[in-house]
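Heads up, the thing below is written out as structure tokens.
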Amino acid sequence: MKEYEINHVPPSGDPDKEGMDRRCFMKLSAVFAGGIATLGSLAGCSGNKQPIRLPGKLDGDGVSIVRAGCPAHNCGGRCVLKLFIKDDEIVRIETDDRPDDDISDPQLRACIRGRAYRRRQYHPDRLKYPLKRTGGRGEGKFERISWDEALDMMARELKRVKETYGNSAILVPYGTGSYNQTNGRQTAARLMNLFGGSLGFYNSYSWACISRATPYVYGTGVTGNQRQDWVNSRYIIMWGWNPAEMRDGTNSEFFLKKARENGAKIICIDPRMSMSATALADEWIPIRPGTDTALMSAMAHVIISENLHDKDFIRRCCVGFDKSQMPPGCENEESYSDYIFGIRDGQPKTPEWAEAITGIPKNTITRIAREYGSTKPAMLYQGYGMQRRAYGEQPVLGGCVLAAITGNVGIPGGWASGIALQADDGGPFWNIFPTGRNPVREAIPVFLWTEAILRGKEMGPDDGVIGAEKLQNNIKLIWCVASNILINQHADTNRSAKILKDESLVEFIVVQDQFMTPSAKYADLVLPVCTQFEMWGLEDGWKYGDEVIIMPKVQEPPGETKSDYQIATELAERLGLKEEYTLGRNEYDWISWAVKYYRNTRFPDIPDLEKLHEMNRGVYTRAIHEPKVAFRDFREDPEQYPLNTPSGKVELFSKTLFDMGKPDSIPAVPKYIQEWESPFGEESKKYPLQAIGHHYMPRVHSTHDGIDWLEEAFPQRIFINPLDAEARGIKDGDQVLVYNDRGKIMMPCRITKKIMPGVVNIPQGAWWEPDKNGIDRRGNVNVLTSHRWTPLAFGNAQHTIMVEVAGRAAL
Amino acid sequence: MDRQSKQLAFYFDASGCSGCKTCQVACKDKHNSPMGVRWRRVYEICGGDWKKEGNAWIPGVYAYHVSMACNHCEDPICMDACPNKAIVKKEDGVVLIDYDRCMGCKYCEWTCPYGALQFDQEKRVMTKCTLCADYLEDGKPPSCVAACPMRVLHYGDLEELETQHGKFNEGFPLPKEKFTKPALVITPHRDAPKAENILLQIANKEEVKK
Amino acid sequence: MNGNDWPLVFFTLISQISVGILLSGFFLWISLKNSDASSLEIFKKLLLIAGLGTMVVALILSFLHLANPQHAIYAFSNLRASWLSREIILASMYLLTLAICFASLQYNIPHRNLFGPIFLASLIFGIFLVWSMARVYMIPTVPLWNTPATPIAFFHSTIILGAGATLVILSLLASKNPDFTLAEKMQSLLFYLIAITVIIGLLNTFLLQPDIQTLGSSFPVPEVTSLWKNVRIVFLLAGFSILTYWFAFQLSSESGSSSVLIYLGTACLLISEIAARYLFYASYFRVGV
Ligand SMILES: Nc1nc2c(c(=O)[nH]1)N[C@H]1C(S)=C(S)[C@@H](COP(=O)(O)OP(=O)(O)OC[C@H]3O[C@@H](n4cnc5c(=O)[nH]c(N)nc54)[C@H](O)[C@@H]3O)O[C@H]1N2
Ligand SMILES: Nc1nc2c(c(=O)[nH]1)N[C@H]1C(S)=C(S)[C@@H](COP(=O)(O)OP(=O)(O)OC[C@H]3O[C@@H](n4cnc5c(=O)[nH]c(N)nc54)[C@H](O)[C@@H]3O)O[C@H]1N2
Ligand code: SF4
Ligand code: SF4
Ligand code: SF4
Ligand code: SF4
Ligand code: SF4
Ligand SMILES: [Mo]
């Protein structure tokens, strides 16, 4: 390390005078103890000339700097990291250092996880060798085997299951660990499709309800403007939306800050005072979880009764608002206004009514309704947490409808709500590695895979099966790549564990990961994968953005780790599919190909991979000066640019939903429906607290759990309101038992006023760590979550649960 | 003590800090700080009360974050305390610790009202933020400043920052400026003035303690 | 209290004992100036050995407390501003002069006649040492320490423990040395000294404590267990009562004093002072964060 020279002059000035003062002060000492005084003044006077070593100073010799995409792992952002590499080791991580002058193309600044990545990359627990199970499933006993042995075994099992049951008995489950193209589940999906296919699935754990429900209103999921438009908004509702923590596209929080600087008022509706509520909002409005549609309805009640709705837009562009607008065949059904004013059910959806349900004071409801109804343009942005709930479709529809009746659709600064993929083209692709067509046509809703293990052959359309009347098989082989869904991320962990433990159900399980995750512990074969820094990759934005980020290989894979692509290739060889699988390409070739793919689609000007790498910016971006606005054409001329809905208009009442004939769970207009586990239900007597599990800053789901710097910054805690804690004799920091009929967690608590009374939060994604009594010691909320799915989207309702918390005193 | 002709300083806009702690980890990564050593820390401040009125919950909750490192004070109490003259102030105002002089008595740690001084068990010396003096020399911004996703952390000449953003460097949980004259400019969060009439507290003690 | 502070509890107390012994010696010396010099000689030596010994122990303790002792050579660098620097140099001066003092008495180096002035110098260093030690803790950002109560408490410990230690030495000497006629007189003098100090100490404890509530703090002011507070007061009163009992007994009885009571009383005082010093460190909190 080069020493850093400074001349440390004390602030008072003259260094030569320094020694003098000292001697004056201690004349006595000079008289009596010349020796020590001399020593003292020697030390004192001479000291100030020596150089100070600066900690953290990197010796430039042999350090190379590579800008690369953050491994990301489906984190909600996509950022640039600046890697300092020395002797094949990353010694420092910084972030995007391009100019950051305006919002047309801001820096893609990394979050805490990207900045702490060295602690994951060089973590001692990284898997290094293939492992074969030795004990019972889930016991976590393994022995090291060779790659040949591992891959031969896997090829053998694949062939056996294919022959015995057929391809639809194979599942490559949901897995979001990597979207860098050559790592991640897509590599396995491609091989399985060449091998004859595997059981298909649709939906995601992220967006099941919002992606399914939005098109019933708008005929598309592309309902969002480009984010540079947000500064044009005057009023923004962050509804269960927490971009400061989950990012929702790198820089979303920054764009909101800019919007606020530009004069927008921002409010946040969330049971928790989230990081976004503190940093971005002018006001936080706590809401009882699962009651958003009640609030939306009451807001509509105020807006319509006070005549604040956009009558022109409703008349020209919507159907189903009132009885004058009902679709043919439904003239006598309940319109949106009918519901709001209680024409059929006798209950007008007034603020008083909603106050009792949501816990929000009626005056507040009236006020925000007026604000949203009268401030133009306004954005109502929906997060995804509130649709990962029972009847999670309803708040999605409700938000869309509110946006429509206030006429905030198709205008700059407005926002149509719904899933809001970015206009015009739907935004980033995420995965472009070609997986090919799956020869197995039947597909299940992604959340129902455990059902397909237990009773696949009985599953049909009622269980959301598409592509066939019934499944042909129960799932018999699972090849789990870049996923912790088997145990950790799926609902009801104890149930999942029990199902997987039973070797007569799933006969062979392979988990391919970088760590021995709770899911990997349930594998028969564990294959070690290198990280995204150890092979070539590429990614684009998360939901929003106009960029391509390259991920050069900066380091050799450690131990015997291989990329997912490499593993699939070697397996393909054993299955006789290598040529078709690789098309003669290695990882770099595929990334080269991917860049060209972007050139042919979103970015005609993007240079070749070679050039991109040489430029060493890590990213190719297209600056946005004139942000696109969704539904602009439609708003101007709905006849010429109709929507892709049956009526061609915005459907406040959906005949398609109506025709499903399940008005209690799938109403044709958005309605508040009491959740199946609710503080208003019988179950609340036993389990009085609502528990949510939000997406936590230090992790991407279960990825990054146990990384020391991140745990230091954000320890895993159950967050509980002081009123609830006090009632249970709980003190801040206490170990508490959290439980319901599905399981138990013992973990430390954090008492915080930033959560509504009656609600607790156990940030989702902590690694399940059952002790010998089956009590989870780490705090995985899925121990408590329910496997029940939502009625329309067959989506995961993991945030809808009731629990009880017991303090030490009660134990 | 009079102001030096040059005095570098941090600017922190508390109104927009999310508490994401990217700054904290950016610093740890740059300096390879061991666990427990956080030259930059983020305090979560919270206060207020919940009231139930009929069916409604009235939230009177206030919260904000304060990201804090060493403030390279104009009147550094730490420097006066250190018997070894291991703490020095450069011409540009940056206060540094000379590891080759520090005897690890930890006395200075008692004095700093910003919690900036943190003992490094591995290096066996007192350590603290250097304002990334090496980066400044190379014309680069400090690591934490360049890291902040909300762009609420900046650095610059104290006087210029004060002209730009006003002179404010106090507010809960920070001490009155008189103790050390911190080279710091803060834009307070909207909830910060509420410290006057409600009991605010550091809510994340375990995350900022030594 | 931080576990790291235990060496400091003992460093400060033991060095204060050392200074206290010297002070008590000086006090006796001037009070009994015209008395039998030869029997004083051995007592003087004993006191010097005790003073030296305790100070050496104290310094070793303080040294062990350092993470980087090899850099202690710089510890005198900041006499201009740092009370700690001053404390360290005063401690060194004190020890050095004390050693010379002893050498002059024992080995006639530099010379016996110089004993007086050197002893005086040593005493002055010692008093300044206690003063600087107190000033070290009077940190503007540490409100509970930054009060006159701190130096008062430090001098309180110095005198009470010094006198106690001297009393113990005296009793040991007297028990071995029945012709040491001055013992009784000296013991009385020391008892008065202790009595006055105890009263000052109690006043300091009860009157000079700042109101923690009004100081305000971001982190909670550490809660010191009432156990320690009780130990402090109970042992102070117990020690003092025992010594008073002994003193009264000695006045009334012919058969000489019972040394056991002295040892017991002094031990109680020592425990009380350790508790007090523990409480002192435990009360640390600073303004800000
Ligand atoms: N740091 C971090 N960022 C991430 C991820 C991560 O794991 N960590 N994951 C990424 C992925 S894959 C996804 S899908 C997204 C998920 O993004 P979201 O689903 O939007 O995130 P959540 O934290 O589940 O929920 C957002 C907010 O909704 C609130 N909420 C919960 N229930 C309700 C309710 O009933 N009503 C209302 N109004 N609010 C409610 C929560 O308190 C939370 O603050 O995040 C992405 N970003
Ligand atoms: N209770 C509750 N549960 C939830 C949610 C919730 O809000 N609440 N959110 C849901 C949501 S939105 C999602 S998206 C899912 C996410 O669930 P998963 O898709 O399972 O995501 P992770 O838990 O991050 O697991 C990813 C795994 O991939 C591994 N990995 C990372 N990179 C690579 C790689 O390059 N190759 C390979 N082979 N492995 C890699 C990581 O080590 C990690 O073990 O969780 C869902 N589960
Ligand atoms: S937001 Fe995602 S891509 Fe960006 S730094 Fe964080 S983890 Fe990496
Ligand atoms: S990085 Fe910025 S927003 Fe995040 S905690 Fe630090 S100062 Fe606050
Ligand atoms: S903040 Fe603390 S450590 Fe930094 S200069 Fe000021 S007093 Fe010293
Ligand atoms: S710990 Fe080091 S820097 Fe601090 S006072 Fe002691 S010698 Fe000085
Ligand atoms: S300026 Fe540098 S040393 Fe100081 S807190 Fe920021 S990153 Fe750390
Ligand atoms: Mo997700």
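In the order they appear, the protein sequences are chains G, B and C. Numbered per this note's numbering, the first sequence finishes at 811, counting up by one with no gaps. Numbered per this note's numbering, the second sequence finishes at 1021, counting up by one with no gaps. Numbered per this note's numbering, the third sequence finishes at 1310, counting up by one with no gaps. Backbone N, C-alpha and C fix where the C-beta goes; we use that ideal spot for every residue, glycine too. These figures come from a predicted structure and were not determined experimentally.
Cβ-based burial, residue i [other Cβ within 10 Å; buried from 16]
i: Ala-809/G; result: exposed
i: Asp-931/B; result: buried
i: Glu-469/G; result: exposed
i: Gln-640/G; result: exposed
i: Tyr-966/B; result: buried
i: Ala-1071/C; result: buried
i: Phe-680/G; result: exposed
i: Gly-35/G; result: Note on Gly-35/G: pLDDT 39, under 50, position unreliable in the model; no value is reported.
i: Arg-156/G; result: exposed
i: Lys-812/G; result: No answer is possible for residue 812/G: it lies beyond the span of chain G, which begins at 1 and ends at 811.
i: Met-937/B; result: buried
Contacting residues, own chain, Cβ-Cβ under 7 angstroms from residue i (five flanking each side not counted)
i: Pro-348/G; result: His-301, Phe-341, Gly-342
i: Asp-637/G; result: none
i: Thr-214/G; result: Gly-221, Thr-223, Val-396, Cys-400, Gly-418, Ile-419
i: Leu-28/G; result: With a pLDDT of only 33 at Leu-28/G, under 50, the local geometry of the prediction cannot be trusted, and no value is derived from it.
Reduced DSSP category for residue i - H, G, I as helix; E, B as strand; rest coil
i: Gln-798/G; result: coil
i: Ala-820/B; result: strand
i: Glu-547/G; result: strand
i: Trp-479/G; result: strand
i: Thr-38/G; result: Interpretation of Thr-38/G is limited by its pLDDT of 44, a score under 50 that renders its predicted location unreliable; no figure is taken from the coordinates.
i: Pro-422/G; result: The residue asked about is misnamed: residue 422/G is Gln in this sequence, not Pro. It is a strand residue.
i: Ala-43/G; result: With a pLDDT of only 47 at Ala-43/G, under the threshold of 50, the placement of this residue in the model should not be trusted; the figure read from the coordinates follows. In this structure, Ala-43/G counts as helix in the three-state DSSP scheme.
i: Ala-390/G; result: coil
i: Glu-560/G; result: coil
i: Leu-256/G; result: helix
i: Phe-1149/C; result: helix
i: Tyr-925/B; result: coil
Paired residues, beta bridge with residue i - DSSP
i: Thr-812/G; result: Coverage of chain G is limited to positions 1 through 811, which leaves residue 812/G absent and any answer about it impossible.
i: His-1092/C; result: His-1092/C pairs with nothing; no bridge assigned.
i: Gln-382/G; result: Trp-239/G
i: Pro-528/G; result: Asp-513/G
i: Arg-845/B; result: The residue you asked about is not Arg; residue 845/B is Pro in the sequence shown. DSSP lists no partner for Pro-845/B.
i: Ile-285/G; result: Ile-269/G
i: Cys-893/B; result: Answer is none; Cys-893/B lacks a bridge partner.
i: Ala-691/G; result: Val-760/G, Ile-801/G
Best match in the options for proximity to residue i [C-alpha to C-alpha]
i: Val-409/G; options: Ile-314/G, Met-386/G, Val-781/G, Trp-430/G; result: Ile-314/G
i: Leu-990/C; options: Ser-1262/C, Arg-1307/C, Phe-1146/C, Leu-1029/C; result: This structure cannot settle anything about residue 990/C, because the visible part of chain C is limited to 1022 through 1310.
Neighbourhood of residue i by C-beta, 8 angstroms cutoff - its chain only, sequence neighbours within 5 removed
i: Pro-814/G; result: A question about residue 814/G goes unanswered here, because the residues of chain G that appear run from 1 up to 811.
i: Ala-281/G; result: Met-238, Ile-266, Ile-267, Cys-268
i: Tyr-216/G; result: Leu-397, Thr-645, Glu-651, Ser-654, Thr-656, Leu-657
i: Ala-810/B; result: Past the boundaries of the shown model lies residue 810/B; chain B is included only from 812 to 1021, so the question cannot be answered.
i: Val-161/G; result: Ala-169, Ile-170, Lys-476, Leu-477, Glu-507, Phe-508
Contacting residues, own chain, Cβ-Cβ under 6 angstroms from residue i (five flanking each side not counted)
i: Thr-752/G; result: Phe-719
i: Ile-745/G; result: Val-738, Asp-776, Gly-779, Val-783
i: Gly-982/B; result: Pro-999, Ala-1003
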